[in-house]
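>
There are 2 protein chains.
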Amino acid sequence: MSQPFRRDRARLPAAERRKQIVEVTSRLIAEYGFWGLSMQDVADGCGLTVPGLLHHVGSKEGLLIAVLEERDRSDMTEMTGQDLKTLCASLVRRNARQPEIVRLFAVLDAESLAPDHPAHDYFRTRERRAIASFTELAGGDEALARQVVAMMDGLQIQWLRDPAEADLVKAWDDAAERLFSE
Amino acid sequence: MSQPFRRDRARLPAAERRKQIVEVTSRLIAEYGFWGLSMQDVADGCGLTVPGLLHHVGSKEGLLIAVLEERDRSDMTEMTGQDLKTLCASLVRRNARQPEIVRLFAVLDAESLAPDHPAHDYFRTRERRAIASFTELAGGDEALARQVVAMMDGLQIQWLRDPAEADLVKAWDDAAERLFSE
DNA sequence: CGGCTTACTGAGTACTTACTAGGTACAAGG
DNA sequence: CCTTGTACCTAGTAAGTACTCAGTAAGCCG
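So the protein lines, in turn, are chains A and B. Residue numbers 1061 to 1242, in the numbering used here, belong to the letters of the first sequence in order. Residue numbers 1061 to 1242, in the numbering used here, belong to the letters of the second sequence in order.
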């Protein structure tokens, strides 16, 4: 009774498909934000249908969670504790190599300022953790920790908007000199 | 032939209605971003129908333009030229009093990083102008100007996300002390 | 080969999206 | 009073929204 059932698309193991989904979704959120994201576009980008996509993530919010979890996992490494200045230097250098991911977080970060955004709590605790560990590295100076975070975020946005004008690494090194002087 | 034509809603002069539209739209963009904004919600918020709304702004993009233009107009004042440090101090103090507008700009700023966002060019030239005039006030030190802008933006986002934790004015004054020292 | 799990599809639901066409009623100017 | 401009309406269109249901086939284990 049904149609011939096109089976021309690849059938991937769940883990692999999930990885692909996260990648595609990240790109699209960086472009349109979470509210502007459509399941259809994600499905198209993965070469499957919307219900096929939903089979893996359950819902649109599940999609967002998948992205954030994945990103956290690959971020936890590299936070080995040197001193604050060298840590920031290496963070900035890594970020300079992956503008798309930085943009994903910049967009989601701002969008999730609204208290009922599905990622609101995620970003709040994320920032608190960041500031806590930065504060520790700064010898208890929380104000400095907050300033460092603010400066990194701000410079990254300038860089993303106008990649030609601003070299992120140089801009940060300049800023660090001022922040960490004395 | 047509229905009784409900005329229970207020009929406002164009200028007044426009002002209301801008206000409602600002609130909604701060919440959902431009991609997440719906004409229906704006119309509801103004107490009129969607075509009634479209009569004033023409299209969804026209709506965004109206918001940005209005905001520019009310921002141009107050930029009287003292020195950089006192200018920033007063900017921060004004922003601390209008978190909703700051949030509108934070969200739209990040969302418009994508090159084909309707407000992309607007925010690019806006930032360039800001940096140019800050640079002048900083005696030609563009790096400092960029750092000041970055720091203000970054601290504002921290404040918006967690208003309880961070007092914006105090956070800025601390930061200014470090930035403008020497 | 047989049976089970599961990745995935087609079809459909109920709703929302931006936007248009064409008309109505209010207000101001002659 | 009558005309003209305009603020705003109803009705409709074509497309897109997230999501559900029931079924199909590919891969694995025995």
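Every residue gets a Cβ at the ideal spot worked out from N, C-alpha and C, and that includes glycine. If you're wondering where the values come from, they're calculated on a predicted model, not measured in any experiment.
Can you give me the start and stop residues for the alpha helix (DSSP H) that E1076 (chain B) sits inside?
In this chain, the alpha helix (DSSP H) harbouring E1076 (chain B) covers A1074 to Y1092.
> Counting only Cβ pairs nearer than 9 Å, list the residues of chain A close to F1183 (chain B).
R1221
> Mind listing the chain B neighbours of R1154 (chain A)? Cutoff is C-beta to C-beta under 7 Å, in chain order.
Neighbourhood of R1154 (chain A) in chain B, by CB distance below 7 Å: empty, with the nearest CB roughly 18 Å away.
> Tell me which residue opens and which closes the alpha helix (DSSP H) that H1180 (chain B) is part of.
Per DSSP, H1180 (chain B) belongs to the alpha helix (DSSP H) from H1180 to L1197.
> Buried or exposed: A1070 (chain B), going by 16 or more other Cβ atoms within 10 Å of its Cβ?
exposed
> Hey, does P1101 (chain B) have any beta-carbon neighbour from chain A nearer than 8 Å?
Residue 1101 (chain B) is actually Asp in this sequence, not Pro. Output row for D1101 (chain B): interface = no.
> Are the C-beta of I1217 (chain A) and some C-beta of chain B separated by less than 8 Å?
yes
> For E1076 (chain B) and V1102 (chain B), I'd like the C-alpha separation in whole angstroms.
15 Å
> Return the CA-CA distance between V1162 (chain A) and D1213 (chain A), expressed in angstroms with no decimal places.
9 Å
> Near R1087 (chain B), which residues of its chain fall below 6 Å by C-beta distance, leaving aside the five closest residues on each side in sequence?
none
> Assuming F1165 (chain B) is part of the alpha helix (DSSP H), what are its boundary residues?
P1159 to E1171
> Please list the terminal residues of the continuous alpha helix (DSSP H) segment that includes E1237 (chain B).
L1228 to L1239
> In three-state DSSP terms, what is H1115 (chain B)?
helix
> Tell me, to the nearest whole angstrom, how far the beta carbon of Q1218 (chain A) is from that of A1203 (chain B); I am working on the premise that it is less than 8 Å.
The Cβ separation is near 11 Å, so there is no contact.
> Measure the beta-carbon distance from L1215 (chain B) to A1231 (chain B) and round it to whole angstroms, keeping in mind my assumption that it falls under 8 Å.
5 Å
> By Cβ distance below 6 Å, which residues in the same chain neighbour T1085 (chain A) in space, the five residues on each side in sequence not counted?
V1102, L1123 and V1127
> Output the distance between the C-alpha atoms of D1169 (chain A) and F1183 (chain A), rounded to the nearest integer angstrom.
7 Å
> Looking at chain B, is there any beta carbon in it that lies within less than 8 Å of the beta carbon of Q1207 (chain A)?
Closer than 8 Å: yes.
> Please confirm if the stretch 1111 to 1123 of chain A is in contact with the stretch 1148 to 1165 of chain A, defined as three or more CB-CB distances below 8 Å between the two stretches.
no
> D1227 (chain B) to T1195 (chain A), Cα distance in whole Å?
For D1227 (chain B) and T1195 (chain A), the distance between alpha carbons rounds to 17 Å.
> For chain A, find out if any of its Cβ atoms is closer than 8 Å to the Cβ of A1170 (chain B); answer yes or no.
Yes - at least one Cβ of chain A is within 8 Å of the one on A1170 (chain B).
> Can you tell me which of the three DSSP states T1109 (chain B) falls into?
coil
> Please tell me whether S1062 (chain B) has its Cβ less than 8 Å away from any Cβ of chain A.
Because the pLDDT of S1062 (chain B) is 45, which lies under 50, any placement of that residue in the model is unreliable, and the question is left without a value.
> At the level of alpha carbons, what is the spacing between A1174 (chain A) and D1233 (chain B)?
26 Å
> Nearest-angstrom Cα distance between P1073 (chain A) and D1132 (chain A)?
22 Å
> Among A:G1107, A:L1239, A:A1156 and A:F1094, which residue has its Cα nearest to the Cα of S1119 (chain A)?
A:F1094
> Distance check for S1172 (chain A) and D1104 (chain A), CA to CA, integer angstroms please.
26 Å
> Let me know the secondary structure DSSP gives L1097 (chain B) once reduced to three states.
coil
> Once you ignore the five residues that flank L1144 (chain B) on each side, which residues in its own chain have a CB closer than 6 Å to its CB?
L1197 and A1198
> Kindly indicate if chain A contains any beta-carbon less than 8 Å away from that of R1163 (chain B).
yes
> Grab me the residues of V1117 (chain A)'s own chain with a C-beta within less than 6 Å of its C-beta, minus the 5 sequence neighbours each way, in chain order.
Only residues of its own chain outside the window of five on either side were considered, and among them L1123 and A1126 have a CB closer than 6 Å to the CB of V1117 (chain A), listed in chain order.
> From the DSSP output, in three-state form, read off D1132 (chain B) for me.
helix
> Does V1167 (chain B) get closer than 8 Å to chain A when you measure Cβ to Cβ?
yes
> For L1144 (chain B), which residues in chain A fall below 9 Å Cβ to Cβ?
Under the 9 Å cutoff, chain A gives no residues; its nearest Cβ is about 14 Å from L1144 (chain B).
> Helix or strand or just coil, what does DSSP make of D1104 (chain A)?
If DSSP states are grouped into helix, strand and coil, D1104 (chain A) belongs with the helices.
> Name the two residues that bound the continuous alpha helix (DSSP H) containing E1202 (chain B).
Here the alpha helix (DSSP H) through E1202 (chain B) covers E1202 to R1221.
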